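*Asks:* Input: one structure, supplied below.
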Amino acid sequence: MQETDKALLAQIAGIRGFQPGTAFNLRQNGAGVERHSTQNVQIVNKSDQPGIDIHISSNTSGEEVHIPVILTQSGMNDLVYNDFYVGEGANVKIIAGCGIHNDGCDTSQHDGIHTFHIGKNARVTYIEKHYGEGEGSGKRILNPTTVIYMEEGSYLELDTVQIKGVDSTKRTTECYLQAEAKLMISERLMTHGKQSAISDVKVELNGVNSSVRIVSRSVGKEGSVQVFHPIAVGNERCRAHIQCDSILMDQAKISSIPEITANHVDAQIVHEAAIGKINSEQLIKLETFGLSEEEAEAVIIEGFLK
Amino acid sequence: MLTLTNLSFRADQHEIISNITASFPEGSFTVITGPNGGGKSTLARLIMGIEQPTAGTIHWNGTDITKFSISERSKLKIGYAFQQPPRFKGMSVKKLLTLAHGKPLTHEQCCEYLSAVGLCANDYLDRDVDQSLSGGEVKRIEIATLLARDLELAIFDEPEAGIDLWSFAKLVETFQQLHQNKKISILLISHQERIMKMADEIVVIENGKIAKRGARDEILPNLMQDFSACEFKK
Ligand SMILES: Nc1ncnc2c1ncn2[C@@H]1O[C@H](COP(=O)(O)OP(=O)(O)OP(=O)(O)O)[C@@H](O)[C@H]1O
Ligand SMILES: [Mg+2]
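Residue numbers (this note's numbering), protein chains in the order written: chain U, 1 to 306; chain B, 1 to 234.
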């Protein structure tokens, strides 16, 4: 692997290459380039579509699965399907992510379609980081789709982060929860320049005592545009809490358009959203410590997106 | 030495600070008191540079700082603990103290500043200064951030507000210790008799003016008699 590839990998996954003892699949410019399965985590090619199936055995405990994607060739348009089958009672951490380095003038685009089948009582942490860089005028586009089926008593923590360099993104997330399933979604986003980011999240709570918590924090700078569209449908006794918090700067525009539906008398669904510029008392407080206004802003945003 | 000369501040057609002239020598401990809405916090914010006066000047150790920005004044070792400190999402107590200090802090230093306001560092250092903290906790962390700084003028705006009995006793001790450092001048806005008793001098601000000023033993005994509710409203 080249040094720039390793640096890109470090940005999105915090690693510079395969870590022995973990399952690993690196996709670069539309093709799988390196793969390691473990006894409990088998990664195999799909036969009918581009992409992979990841089979995690029941009761697998404490393993990490890395499935990074990097695009370094300008003009690359990559579409991939990744299906995860997480066995009953397994406990794993999955680190995905996509980094684009585009020095050319053509658009580089990655559309990743991830489907999760999470077995009974399994616990999964899924971390996905998006990052773009490069000197070229070519656009960097990421359109991830995530479909999640959660069986009884399963738990999923879904953390997505996109802080820099992605020109356009449309994120679609669909989740179907059975009884006692618990889903925690945390979304962190920062856009600048002329970037646009759209996030549609739909959660159907179909089982008794299922619950979801969505915490979305975003910062819109310069002329960027963000649209959030969280949808929660409660079909049983369940709880949903959606919290969208955004900091608006410069000429950026941010919309939050919630849609919440309760189809059961014991469905409890809450949506909270706040969009506004940085609280001036926060800035003043940090300036009284000797920080300049720009330094104070940077510190506040860093904490907000932590 | 802090010197205010003919200082005034108008907002929305109201004269909120009206032609105040006063100076506060190095090492002095002054309690500023007076009725709600009298202009105490506004005066503190003018000294810190958060508000700009509509007339008058502020001198600090001989330098005219009237036009100085907040951070320039901070670099001249002026600090202000807010009456209502803001909360920050994702800002740990440790990070806030470190920003106040201006350079990395050891665990021992953090413990020292927090225990001076009656907080246990182990319970608080990694917590965020957000809505999850109680009002009294945020207030005490605010005071600790001033202790973490190297100041020559420390302004505290009702530091005792919302603080429990036990922490209050600790705070009184902390202010006494701070005062023993003769290099630091303290301006402390307060409504508490126990705090006024620590002061060298008491200044009463009413309707944007200094209504009274003098040594503690001269002002304190008659403080209550001189004010009636109706007079406040004039
Ligand atoms: N920027 C502003 N614009 C308009 N009015 C203001 C502004 N700042 C302060 N005021 C008004 O000035 C008056 C003095 O306010 P200030 O906060 O200084 O009072 P205070 O003496 O600190 O009162 P308290 O004891 O309640 O804290 C109040 O009536 C307040 O509403
Ligand atoms: Mg006040």
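Just so it is clear, CB atoms sit at the ideal spot from N, CA and C, and this is done for glycine as well. Quantities reported herein were computed from a predicted structural model and do not represent experimental measurements.
How would you call Ala-148/B, buried or exposed, if buried means at least 16 neighbouring beta carbons within 10 angstroms?
*Replies:* buried
*Asks:* Closer than 6 Å by C-beta to Ile-119/U: which residues in its own chain qualify, once you throw out the five before and the five after it? Chain order, please.
*Replies:* According to the sequence displayed, residue 119/U carries Gly and not Ile. Correct list, in chain order: Val-86, Gly-87, Glu-88 and Glu-151.
*Asks:* Taking 8 Å as the threshold (beta carbon to beta carbon), is Lys-234/B in contact with chain U?
*Replies:* In this prediction, Lys-234/B has a pLDDT of 43, which is less than 50 and means its spatial position is unreliable; what the coordinates show is noted afterwards. False, the Cβ-Cβ gap to chain U never drops below 8 Å.
*Asks:* Leaving aside the five residues before and after Gln-73/U along the sequence, list all residues of the same chain whose C-beta is less than 6 Å from its C-beta, in chain order.
*Replies:* Asn-29
*Asks:* Verify the contact flag: Ala-55/B, CB atom, against every heavy atom of ligand 1, threshold strictly below 7 Å.
*Replies:* no
*Asks:* Can you say whether Ala-10/U is buried or exposed, counting buried as having 16 or more other CB atoms within 10 angstroms of its CB?
*Replies:* Classification of Ala-10/U: exposed, given that the 10 Å Cβ count is below 16.
*Asks:* Kindly provide the ranges of any alpha helix (DSSP H) runs that are 4 or more residues long and lie completely inside the stretch 168 to 223 of chain B, ordered along the chain.
*Replies:* 193 to 196 and 216 to 219
*Asks:* Within 10 Å of its beta-carbon, does Ile-20/B have 16 or more other beta-carbons around it, so buried, or fewer, so exposed?
*Replies:* buried
*Asks:* How many Å lie between Lys-234/B and Gln-13/B at the Cα?
*Replies:* Confidence in Lys-234/B is poor, its pLDDT being 43 and thus under 50, which makes the residue's placement too unreliable to answer from.
*Asks:* Is it the case that the CB of His-179/B approaches a heavy atom of ligand 1 more closely than 7 Å?
*Replies:* no
*Asks:* Output, in chain order, the set of chain U residues within a Cβ distance shorter than 7 Å of Pro-100/B.
*Replies:* Strictly speaking, residue 100/B in this sequence is Ala, with Pro absent from that position. Those within 7 Å of Ala-100/B in chain U are Phe-289.
*Asks:* Entirely within the stretch 194 to 236 of chain U and at least 3 residues each: give me those beta strand (DSSP E) ranges in chain order.
*Replies:* 196 to 205, 210 to 220 and 225 to 234
*Asks:* Listing by chain order, which chain U residues have their CB less than 7 Å from the CB of Ile-50/B?
*Replies:* Ile-284
*Asks:* Lys-233/B by DSSP, collapsed to three states: which one?
*Replies:* Unreliable positioning characterises Lys-233/B in this predicted model, as indicated by a pLDDT of 47, which lies under 50. A coordinate reading is not provided.
*Asks:* Quick check on Asp-123/B: does DSSP put it in helix, strand or coil?
*Replies:* Helix at Asp-123/B.
*Asks:* List the residues of chain B that Ser-37/U touches, going by C-beta distances under 8 Å, in chain order.
*Replies:* Those within 8 Å of Ser-37/U in chain B number zero; the least Cβ separation is about 37 Å.
*Asks:* Got a sec, what are the start and stop residues for the alpha helix (DSSP H) Lys-182/U sits in?
*Replies:* Unbroken run through Lys-182/U is the beta strand (DSSP E), 182 to 191; no alpha helix (DSSP H).
*Asks:* Give the residues of chain U in contact with Lys-75/B, contact being defined as C-beta atoms less than 7 Å apart.
*Replies:* Neighbours of Lys-75/B on chain U, chain order: Gly-290.
*Asks:* If you pair each beta-carbon of the stretch 156 to 167 of chain U with each one of the stretch 268 to 281 of chain U, do three or more pairs fall below 8 Å?
*Replies:* no
*Asks:* Can you find a CB in chain B that lies within less than 8 Å of the CB of Gly-303/U?
*Replies:* yes
*Asks:* Who are the near neighbours of Tyr-155/U in its chain, counting only those whose CB is closer than 6 Å to its CB and skipping five residues on each side?
*Replies:* Cβ within range, chain order: Arg-123 and Lys-182.
*Asks:* Measure the C-alpha to C-alpha separation of Ser-256/U and Pro-85/B and round it to an integer number of angstroms.
*Replies:* 29 Å
*Asks:* Could you tell me whether the stretch 131 to 149 of chain B touches the stretch 64 to 71 of chain B, using the rule of 3 or more Cβ pairs below 8 Å?
*Replies:* no
*Asks:* Put Ile-15/U into one of helix, strand or coil per three-state DSSP.
*Replies:* coil
*Asks:* Would you kindly check if the distance between the Cβ of Gly-138/U and the Cβ of Asp-106/U is under 8 Å?
*Replies:* yes
*Asks:* Going by Cα to Cα distance, which pick from Arg-127/B, Gly-208/B and Phe-156/B is closest to Ala-11/B?
*Replies:* Of the candidates Arg-127/B, Gly-208/B and Phe-156/B, the one whose C-alpha sits nearest the C-alpha of Ala-11/B is Gly-208/B.
*Asks:* For chain B, check one thing: does any of its Cβ atoms lie closer than 8 Å to the Cβ of Val-215/U?
*Replies:* Output row for Val-215/U: interface = no.
*Asks:* Is the CB-CB distance between Leu-8/U and Gly-99/U below 8 Å?
*Replies:* yes
*Asks:* Just tell me which of Asp-217/B, Gln-192/B and Trp-166/B has its CA closest to the CA of Thr-33/B.
*Replies:* Among Asp-217/B, Gln-192/B and Trp-166/B, the Cα nearest to that of Thr-33/B belongs to Gln-192/B.
*Asks:* Just the chain U side, please: which residues come within less than 7 Å of Tyr-80/B by C-beta, in chain order?
*Replies:* Thr-288
*Asks:* Taking the alpha carbon of Ser-210/U as the reference point, which residue from Ile-247/U, His-264/U, Leu-248/U and Glu-3/U has its own alpha carbon closest?
*Replies:* His-264/U
*Asks:* Using 7 Å as the cut-off, classify the Cβ of Ser-41/B as near or not near the heavy atoms of ligand 3, replying yes or no.
*Replies:* Annotation note on ligand 3: not contained in the displayed structure, which lists ligand 1 and ligand 2 as its ligands.
*Asks:* Within 8 Å of any Cβ in chain B, is that where the Cβ of Val-161/U sits?
*Replies:* no
*Asks:* Measure from the C-beta of Lys-306/U to each C-beta in chain B and report whether the shortest distance is under 8 Å.
*Replies:* yes
*Asks:* Taking contact to mean at least 3 C-beta pairs separated by less than 8 Å, is the stretch 173 to 189 of chain B in contact with the stretch 104 to 112 of chain B?
*Replies:* no
*Asks:* Relative to the C-alpha of Gly-62/U, which candidate in Pro-230/U, Thr-125/U, Ala-240/U and Phe-289/U has its C-alpha closest?
*Replies:* Thr-125/U
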